[in-house]
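Numbering (mature numbering (1 follows the signal peptide of the UniProt record, and there is no 0)), first residue to last: -19 to -1, 1 to 133. Note that beta-carbon positions come from the ideal geometry of N, C-alpha and C, so glycine has one too.
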Amino acid sequence: MKKTIIALLLFAGSFAAEAQELVWETNVTKAMEISSKTKKPLLLFFTGSDWCGWCIRLQKEVLKTPEFANWAKENVVLVELDYPRRAPQTADIKKQNNELQQAFGIQGFPTIVVANATTKDGKVNFEGLGSTGYVAGGPAAWLEVANGFFKK
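Laid out in structure tokens, this is it:
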């Protein structure tokens, strides 16, 4: 009995560790470099991490799950664009996030945009593949929506 419990704890722990291994870039230029090397689109997560209830719920129910972690590692480069009310941010990050919010026409949080990014003549161009926000039903429901972006 003890061996079974220990095995289950180790198994569950491996999923928790896997979900925590995800790297969310906050610098879109760095994320674009990774995207270019890996040939994966950007997943831009527009969030209000310290005040937006739906953002916090999306994090808990989807973005911090092993299912999402496995999917993300295979399919996208993660970028968190945060608009906190209390947490400090550098002026550069604030400027970058505001410019991207305007470029994508983001009016509410959470919003997730999947896009390819290219640079031509010093200008960044984004090709939107799709966008979504909170989707009820946990990781399976959310991933079904996200996978639809790649079928277009």
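Alpha carbon of residue i to alpha carbon of residue j, nearest angstrom
{"i": "GLU(-2)", "j": "LEU110", "result": "Summary for GLU(-2): the model assigns pLDDT 46, below 50, so the residue's position carries little reliability; its value from the coordinates is reported in the next sentence. Distance between the alpha carbons of GLU(-2) and LEU110 is about 27 Å."}
{"i": "PHE27", "j": "PHE131", "result": "20 Å"}
{"i": "THR113", "j": "TRP35", "result": "13 Å"}
{"i": "LYS54", "j": "ASP102", "result": "30 Å"}
{"i": "SER(-6)", "j": "PRO47", "result": "Because the pLDDT of SER(-6) is 46, which lies under 50, any placement of that residue in the model is unreliable, and the number read from its coordinates should be weighed accordingly. Rounded to the nearest angstrom, the two C-alpha atoms are 9 Å apart."}
{"i": "THR100", "j": "THR10", "result": "10 Å"}
{"i": "ALA127", "j": "TYR115", "result": "11 Å"}
{"i": "PHE90", "j": "LYS76", "result": "18 Å"}
{"i": "ARG66", "j": "ASN51", "result": "31 Å"}
{"i": "residue 165", "j": "THR71", "result": "Absent from the model: residue 165. The displayed extent of the chain is -19 to 133, so no value can be given."}
{"i": "ASN56", "j": "LEU124", "result": "11 Å"}
{"i": "SER17", "j": "LYS104", "result": "15 Å"}
{"i": "LYS41", "j": "LYS20", "result": "28 Å"}
Sequence-distant residues of its chain with Cβ nearer than 6 Å to residue i (five each side left out)
{"i": "ILE93", "result": "PHE26, THR113"}
{"i": "MET13", "result": "ALA98"}
{"i": "PHE49", "result": "VAL43, PRO120"}
{"i": "ALA68", "result": "ASP31"}
{"i": "PHE85", "result": "VAL94"}
{"i": "TYR64", "result": "GLY29"}
{"i": "CYS33", "result": "PHE90"}
Own chain, CB closer than 7 Å to residue i, minus 5 neighbours either side, in chain order
{"i": "LEU(-11)", "result": "The predicted position of LEU(-11) is uncertain, since its pLDDT is 45 and thus under 50; no value can be drawn from it."}
{"i": "ALA122", "result": "VAL116"}
{"i": "ALA96", "result": "PRO22, LEU23, LEU25, PHE107, GLU108, GLY109, LEU110"}
{"i": "GLY118", "result": "none"}
Per-residue burial, residue i [other beta carbons within 10 Å of its own, 16 or more giving buried]
{"i": "VAL4", "result": "exposed"}
{"i": "PRO22", "result": "buried"}
{"i": "ASP73", "result": "exposed"}
{"i": "ILE8", "result": "What sits at residue 8 in the sequence shown is Asn, not Ile. So ASN8 counts as exposed."}
{"i": "ASN78", "result": "buried"}
Distance CB(residue i)-CB(residue j) smaller than 7 Å
{"i": "ASP6", "j": "VAL60", "result": "With the sequence shown as reference, residue 6 is identified as Glu, and Asp is not the correct amino acid for it. Yes."}
{"i": "VAL58", "j": "ILE87", "result": "no"}
{"i": "LEU81", "j": "LEU62", "result": "yes"}
Residues near residue i by beta carbon distance below 8 Å, same chain, minus five either side
{"i": "ASN106", "result": "ALA98, THR99, THR100"}
{"i": "ILE37", "result": "SER30"}
{"i": "GLY129", "result": "GLY111"}
Worksheet item: What are the complete alpha helix (DSSP H) segments, minimum 4 residues, inside the segment 60 to 121?
Response: Listed in chain order, the alpha helix (DSSP H) runs fully inside the segment 60 to 121 are 72 to 85, counting runs of at least 4 residues.
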